[in-house]
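Note sheet for the following structure.
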Amino acid sequence: MDDLDLTGKTVFLRADINSPIDPNTGRLLNTIRIREAAITIRELSKSKVVVGSHQGRVGNYDYVSLREHAEVLKEYVGRNVKFIDDVIGPAAREAIKNLKQG
């Protein structure tokens with residue numbers, strides 16, 4: 006990324022933040038991957054960053070929303086992280102259109 010000027014650009018980051026989930030509570034057990042992704046996101050602080058990911062596989066106990074991941078990511082990044090429960094629909098498009106740098 007050092008060779009790219011991404012200032013003000015919208016950047017899609019496919020982050021591997023799949024994390025261990027407690028089968029009884031559905032809560033995160035470990036946030037190491039989220040912490041590692043935060044390093045890259047901080048490096049993109051002059052960009053408008055859209056993070057895409059998933060958790061688990063459909064039908065498995067660890068297939069849960071990324072809402073908790075977004076809250077943890079917010080703490081590691083030290084900036085506002087807005088969770089959008091949409092991928093390609095109108096809510097996602099509107100959120101991306103309204104992104105602010107940083």
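To convert, count from 1 in the sequence shown and add 5; that's the numbering used here. Where a beta carbon is used, it is the ideal one built from N, C-alpha and C, also for glycine. Note that the structure is a prediction, hence the values are computed from the model and not measured.
Check threonine 45 in the structure and name its three-state DSSP category.
helix
Do the CB positions of isoleucine 26 and aspartate 67 come within less than 7 angstroms of each other?
yes
Would you kindly report the start and end of the unbroken alpha helix (DSSP H) that includes leucine 18?
First-last for leucine 18: 15-19, but that is the beta strand (DSSP E), not the alpha helix (DSSP H).
Nonlocal neighbours in the same chain, by C-beta distance under 6 angstroms from valine 55, ignoring five residues either side
Phe17 and Ile101
Looking only at C-alpha atoms, which of Gly83, Gly94, Arg98 and Val92 sits nearest to threonine 45?
Gly83
Identify every run of the beta strand (DSSP E) within the segment 32-91, keeping only runs that are complete inside it and at least 3 residues long; order them along the chain.
53-57
For isoleucine 101, three-class secondary structure by DSSP:
helix
Measure how close the beta-carbons of threonine 15 and leucine 104 come, nearest whole angstrom, since I'm counting them as under 8 angstroms.
7 angstroms
In terms of DSSP beta bridges, what is isoleucine 26 paired with?
Leu33
Going by C-alpha distance, which of Thr12, Ser50 and Pro28 is nearest asparagine 65?
Pro28
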